[in-house]
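Asker:
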Amino acid sequence: MTLRQLLLGLALLPICSTTANAQFYPREAMAPVELSAQKLPADRTAPTPEQRAQIEALETQAGVNRPCNAASMKDLLPARRALLALYKNTYGPAHPATARPLYSLLCHFAYNTKTDADRAERKQIIARLVAIGRDRKQPQILAAALSARASVALEQPGAVDAIDDAKEALALSRQLFASNPKIMADATGLLAWAYEGAARPVEAEPLREEAITWLRSGPQSDPFVLVEAYGWLADNLIRQMRSADAKVWYDREFDVLEAAVPGADVNGLERISLYGQRFGWINPDRAEALFRKVLAQQERQPGSTDSKNWMTLWNLGKTARLRGAIDAAIAYQRRVIAAIGPGPDGDFVNKLAQMLSQRKETAAGASPIFSKALSAHPDDPAIIEDYANNLWTLGKFEEVLPLRRRSIEIANARFGPAHRETLRLTQNLAVALWMNQRPAEALPYYEAVLAGYRSEFSAIPEAANAAYRQELSGFVSTKASELLKLYWAVRGKAESPSDAAARAKGFAAAQLAHPSVSAAAIGETAARVLAERSGKAAAFARWVKARDAVMSLDKSISDAAQRGTAADAERTALLARRPAVSAELEAAGAALRSELPQVFAMLRPEPVPLGEVTGRSGLLHPDEALVLLYPGMPKYGAQMSRGLVFAVTREGSAWSEIALDGIDLATMVSDLHSQLGHPRNSGITILEPGENTSGLLRYDRAAAHRLYRALFGDPAVAALLAGKRRWTLVPEGPLLSLNFAALVAAPPPGGPNGDFDPGALRATRWLGLDKVLAVMPSVDAVRLARKGPAAAAAAAAGGFFGMGDPAFRGVSDPPGQPLPGTRRGLPDAATSAQLARQPLSHSGVADPAMLAKLPRLDFSAAEVTAVASELHAPADRLRLQLAATQRALEQSSADGTLGKSGLVLFSTHALISGSFEGSLAEPALALTPGPALLKGIADPHDDGLLTASEVAQLQFNSALVILSACNTASGAEGGDGFSGLTRAFLLAGARSVLATYSPVVDEVGAQLTTAAIAGYATRHGDIAEALRAAMRTVAADPALDERGESMAHPAAWAVYVAVDPN
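With mature numbering (1 follows the signal peptide of the UniProt record, and there is no 0) applied, the sequence shown corresponds to residues -22 to -1, 1 to 1040, in that order.
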């Protein structure tokens, strides 16, 4: 089962908490404490010998020294009450010794609480125990009492109140019971339940790990204790959508259960079936093999029958269905029904009907079963949806629609609109409508699905595992892409939005189609620092509190819904609280957005409305066009494969479908990027007319022109762009790798041979030489730069700061090489491929061994010093080799050196998020690892990886930042390309960023960089305009024509991209 299937709502078995057991520390641990308390002076009078005899008799009768689960019988209640009365009349009601009968009475209520009066008395008993523990300085009693109170709190809606008690109980247990693995496992597990109950699984995860460690350190008399602990950790990871991580622990459960089969008795075999059914979905083949072994052993037992072995048969039916073996699944399910009947509420028969519904030839037999079930449970959304699926299989589409609408109404009321089950049902209806050529009806349902998943994505906490962000980000992208193509499909049709309305909604959806994982990874860490720096810490704290309250309440609603109709009153009360809690979050968010929009944009990036971009009061200048490019979803094929282009100016907007299949588009972008980016073979030109070029690497100008036409050739789009001198481009997905400057805007002269001819190359109408191009990570980044509080900041005047030539091994390298007349900037291809398949970091800290394998940039130091020399910068403004550390950079930020620099240059590797086996959660610059890391001390603040989150915490002052590094501006589908880094630099105060697309010709690089910097100073901080002028100068220079490396080739001049929102 894939994580996407989980997101679509395939049911997981309920996670059954056993927190009641956590109320009671083992008797062998507590009894000595209780007996010792009897030696303390009585508050009233010490028991007489006769009273002592009565106490002993009542304690034996009540089973005081037995484990609670073995002494919870109702008929023991009178003896327990009599025992408590005797203690109160002798030792006194608040005496430490009286904790003993109080715990005995609490044991009764742990298993026999039925009425409000019972619940009230249980709370009163716990309060008395807490008071005895605190007031009489009895830490063992206090620990057990706090554990009991936390356990009771976990039974109620919302678990926030349980956290403090569980924390204190665990702290006390660490002091008092560190030698008792059972107590320590229960105490860590209780705090984990509390965090999970408050929708904080990230904080619960390490506690689940610790509980396993404690259990494995103790006696292993019951292997199923470990099975439970493994399962709870795996369930926690599933809550974080980390199915691959969870599988590890589910497999450990399998290991224990498989090992237990050979020696298991009848009860043991039943327990194996019971525990195994919780996680069979993760590996159906392995689960089936396990259950077959169990069944074979059960059937060898004397008197074995299907009625005794029904759970194993049921499990075999489930695993067969998961494997797609429907006939076998049906056969097993029929055996279960024949053995023990239809099951509670007909559940077993309903499961059989689900199996029958999966094939058209058997689906008719399921219809009467579902009809009967629906008569008995008319408001059960699962049964309604099952019946709808059955009718869908039979082709009765018109009967399906009202059922699915009804199931959505019920789920909305029961779970809430953003619950995954509600979204799954809504998605099913939306797909059905679109498949049956009713896209206009499908629109509101698709919109609701996207809104629901965006709500969950926006609430991901700071400490969440990166896999959670990545999975949910991808799911949001998919839903936005589906909705975007639906807007395109319905534009201007009857009963659908007009073309203009569909375009406006599509423009917003396109901005969500490729959400930035790295922007989320920057997250609350950077946002909190920025809020504090701006004096808005209170506003930020209010938002965090409101966000957490919503998450906790939603978790309580979901838990109540899982308990069925018995919890309807509780769920209704919770749902009634939701509007007020939501309103507080909305208000807190609005306040934070108003007081500090840059921070809120990082936390909750919102699409920029089309109406805010266009018009005289919009974001754009009179001579500017904004172009948003959505690349499509090739893996889905058909109409989902092609992308869309949005062109926006002050005068209006237009949109068009990209005239290429998504696979062809991605292939063409990749080919063109490779043709420009080869470190040795790109940029070769002929030495004389007629030279044989068959063995040379060609930059295919004809393909570059076809791509230009596919992107910008639609008549409506072309007409809007024609008169605009400056284009601000916002590419997504694979288009992040496209070097727009090297596109060809008109049929190229000279034919294929002209691709190598300096004269033909200079006669080519290159887009980057024709237009001023700026590339931006998002439309929102443009809005923040132009409408935010720093929008009017002028380009900074000031000195130079350069960092480069890091010593990736943590020791000094030999002197670097001088700038040669060849290309540089890319490591050896084999090295790159090998490194990308290995993890670069662990738990957010760089692996020094992997960092040491990064190839040195031999000419990095020469580049930094050359630029410094051109700008007459002193040596103390350079950070090279061992000085090129994150700590040194942060110190330069803290002491104002960065803030006083008008130009900041980084010459090092840029690493893209998601690379290195997914270990890199966000993009980063590779620097020199600090000394602590090399000694084996994890130091995320000086580990040699400057992540986007850490960049955002630096302080620039309207500086131009140059990222002269390996493939800084390159992107790939699913990766953020340069967008995460550039967004972080802009947020940290940089006015603009200049990043490299491909390796640089060193002789040309210095000329191009120097010319761009000079133009930047004279063009009022317009780096995009300055870059175009510099590129024109370089392209026109014939100095290298005779060497066969003409600067007319785009490999020489089209190496930088300007990220300039101003």
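Positions of the beta carbon are idealized from the N, C-alpha and C atoms, including for glycine.
(1) So if DSSP puts K1035 in a beta bridge, which residue, or which two residues, is it bridged to?
(2) Mind checking whether A625 and V695 have CB atoms under 7 Å apart?
(3) Secondary structure at S595, three-state DSSP: helix, strand or coil?
(4) Pop quiz: A509 and F518 are said to be a contact at Cβ under 8 Å. What is the actual Cβ separation, rounded to whole angstroms?
(5) Out of D748, N47, Q859 and R78, state which residue places its alpha-carbon closest to the alpha-carbon of Q16.
(6) Can you tell me whether G880 is helix, strand or coil according to DSSP?
(7) Helix, strand or coil for E1020? Go by DSSP, reduced to three states.
(8) In chain order, what residues of the same chain lie with their CB nearer than 7 Å to the CB of Q933, ignoring the 5 residues before and after it?
(9) Where does the unbroken beta strand (DSSP E) through R857 begin, and where does it stop?
(10) Going straight from the alpha carbon of P240 to that of L54, what length do you get?
(11) What is the DSSP secondary structure of H887, counted as helix, strand or coil?
(12) Rounded to a whole number of angstroms, what is the C-alpha to C-alpha distance between L856 and V929?
(13) Would the stretch 701 to 721 count as touching the stretch 1028 to 1037 if we require 3 or more Cβ pairs under 8 Å?
(14) Does the pairing of the stretch 151 to 167 with the stretch 115 to 134 give three or more beta-carbon distances under 8 Å?
(15) Looking at the unbroken alpha helix (DSSP H) that takes in F326, where does it start and where does it end?
(16) Residue ranges of each alpha helix (DSSP H) run of no fewer than 4 residues wholly in the stretch 232 to 258, ordered along the chain?
(17) If you measure between the beta carbons of F690 and M781, is that distance less than 7 Å?
(18) Tell me which residues share the same chain as T371 and place their Cβ nearer than 8 Å to its Cβ, disregarding the 5 neighbours each side in the sequence.
(19) How is M289 classed by DSSP in three states: helix, strand or coil?
(20) Does the distance from the CB of K457 to the CB of L428 come in under 7 Å?
(21) Going by the CB atoms, is the gap between T706 and A752 shorter than 7 Å?
(22) Decide if M754 is buried, meaning its Cβ has at least 16 other Cβ atoms within 10 Å, or exposed.
(23) To the nearest angstrom, how far is the alpha carbon of Y228 from that of V11?
(24) Taking DSSP as the reference, what is the three-state secondary structure of L654?
(25) Could you name the residues of the same chain whose beta carbon sits closer than 6 Å to that of L411, not counting the 5 residues immediately before and after it, in chain order?
(26) When you compare each of S560, G610 and A267 to V528 by their alpha carbons, which one comes out closest?
(27) Within the continuous beta strand (DSSP E) that includes M8, where are the two ends?
(28) Is P907 near the ligand MG, going by C-beta to nearest heavy atom under 6 Å?
(29) Assuming contact is defined by CB atoms lying nearer than 7 Å, are P359 and I388 in contact in what I supplied?
(30) With respect to the beta strand (DSSP E) encompassing D783, which residues constitute its N-terminal and C-terminal limits?
(31) For V586, which option in R594, D601, L606 and L570 has the closest C-alpha, if you only look at C-alpha atoms?
(32) Using a Cβ-Cβ cut-off of 6 Å (strictly less than) and excluding sequence neighbours within five positions of A1002, which residues of its own chain qualify?
(33) Would you mind reading off the limits of the alpha helix (DSSP H) that contains T925?
(34) Would you check if the stretch 723 to 737 and the stretch 630 to 639 touch, i.e. whether three or more CB-CB distances between them fall below 8 Å?
(35) Among residues of its own chain, excluding the 5 on either side of T663, which ones have a beta-carbon nearer than 6 Å to its beta-carbon?
(36) Identify whether V626 lies in helix, strand or coil by the three-state DSSP scheme.
Answerer: In short:
(1) Here residue 1035 corresponds to residue number 1057 of the sequence shown, with the count starting at 1. According to the sequence displayed, residue 1035 carries Val and not Lys. A973, per the DSSP bridge assignment.
(2) If you number the sequence shown from 1, residue 625 lands on position 647. If you number the sequence shown from 1, residue 695 lands on position 717. Yes, these two residues count as a Cβ contact at 7 Å.
(3) The sequence position of residue 595 within the sequence shown is 617, counting from 1. The answer is coil: DSSP assigns S595 none of H, G, I, E or B.
(4) Here residue 509 refers to the residue found at position 531 when the sequence shown is read from its first residue. Here residue 518 refers to the residue found at position 540 when the sequence shown is read from its first residue. Rounded, the Cβ-Cβ distance is 4 Å, consistent with contact.
(5) Here the question's residue 16 lines up with position 38 in the sequence shown. Checking every option, the nearest Cα to that of Q16 belongs to R78.
(6) For this step, residue 880 is matched to residue 902 along the sequence shown. If DSSP states are grouped into helix, strand and coil, G880 belongs with the strands.
(7) Position 1042 of the sequence shown, counted from the start, is the residue given in the question as residue 1020. Three-state result, E1020: helix.
(8) Looking up residue 933 in the sequence shown gives position 955. If we look at Q933 and ignore the five residues flanking it on each side, its Cβ neighbours are S871, L876, G877, A966 and G967.
(9) Counting from 1 along the sequence shown, the entry for residue 857 is found at position 879. Unbroken beta strand (DSSP E) run through R857: L856 to Q859.
(10) Here residue 240 corresponds to residue number 262 of the sequence shown, with the count starting at 1. Here residue 54 corresponds to residue number 76 of the sequence shown, with the count starting at 1. Straight-line Cα distance between these residues: approximately 40 Å.
(11) The residue given as residue 887 occupies position 909 in the sequence shown. Residue state, collapsed to three classes: strand.
(12) Position 878 of the sequence shown holds residue 856. Position 951 of the sequence shown holds residue 929. Cα to Cα, L856 sits roughly 18 Å from V929.
(13) yes
(14) yes
(15) Within the sequence shown, residue 326 is the residue found at index 348, counting from 1. It spans D325 to L334 - the alpha helix (DSSP H) in which F326 sits, taken as one unbroken run.
(16) 244 to 254
(17) The count along the sequence shown starts at 1 and reaches residue 690 at position 712. The count along the sequence shown starts at 1 and reaches residue 781 at position 803. For F690 and M781, no; Cβs fall outside 7 Å.
(18) On the sequence shown, residue 371 is found 393 positions in, with the first residue counted as 1. If we look at T371 and ignore the five residues flanking it on each side, its Cβ neighbours are S335, Q336, R337, K338 and A341.
(19) By one-based count along the sequence shown, residue 289 stands at place 311. The answer is helix: DSSP assigns M289 an H, G or I state.
(20) Residue numbering aside, residue 457 sits at position 479 when the sequence shown is read from its first letter. Residue numbering aside, residue 428 sits at position 450 when the sequence shown is read from its first letter. For K457 and L428, yes; Cβs fall inside 7 Å.
(21) Position 774 of the sequence shown holds residue 752. Position 728 of the sequence shown holds residue 706. Yes, the pair counts as a contact, with Cβ atoms nearer than the cut-off.
(22) The sequence position of residue 754 within the sequence shown is 776, counting from 1. Classification of M754: buried, given that the 10 Å Cβ count is 16 or more.
(23) Walking along the sequence shown from the start, residue 228 turns up at place 250. Walking along the sequence shown from the start, residue 11 turns up at place 33. About 39 Å.
(24) The count along the sequence shown starts at 1 and reaches residue 654 at position 676. If DSSP states are grouped into helix, strand and coil, L654 belongs with the helices.
(25) Within the sequence shown, numbered from 1, the residue matching residue 411 stands at position 433. E419 and A420.
(26) Here residue 528 refers to the residue found at position 550 when the sequence shown is read from its first residue. Of the listed residues, the one whose Cα sits closest to V528 is S560.
(27) Along the sequence shown, one-based indexing puts residue 8 at 30. Where M8 is concerned, there is no enclosing beta strand (DSSP E), although the alpha helix (DSSP H) it sits in stretches over R5 to A15.
(28) The model depicted lacks the ligand MG and carries no ligand whatsoever.
(29) Taking the sequence shown and counting its residues from 1, one reaches residue 359 at position 381. Taking the sequence shown and counting its residues from 1, one reaches residue 388 at position 410. Yes, they are a contact pair.
(30) Locating residue 783 in the sequence shown gives position 805, counting from the first residue. Unbroken beta strand (DSSP E) run through D783: G777 to P784.
(31) Counting from 1 along the sequence shown, the entry for residue 586 is found at position 608. Nearest option by C-alpha distance: L606.
(32) Within the sequence shown, residue 1002 is the residue found at index 1024, counting from 1. Cβ neighbours of A1002 beyond the five flanking positions: V750, A752, A1036 and D1038.
(33) As a working mapping, residue 925 is identified with position 947 in the sequence shown. No alpha helix (DSSP H) contains T925, which is instead part of the beta strand (DSSP E) from L923 to T925.
(34) no
(35) Locating residue 663 in the sequence shown gives position 685, where the first residue counts as 1. Result list for T663: F734, P736, G1022, S1024 and H1027, in chain order.
(36) As a first step, residue 626 must be located in the sequence shown, where it is residue number 648. Correct three-state label for V626: strand.
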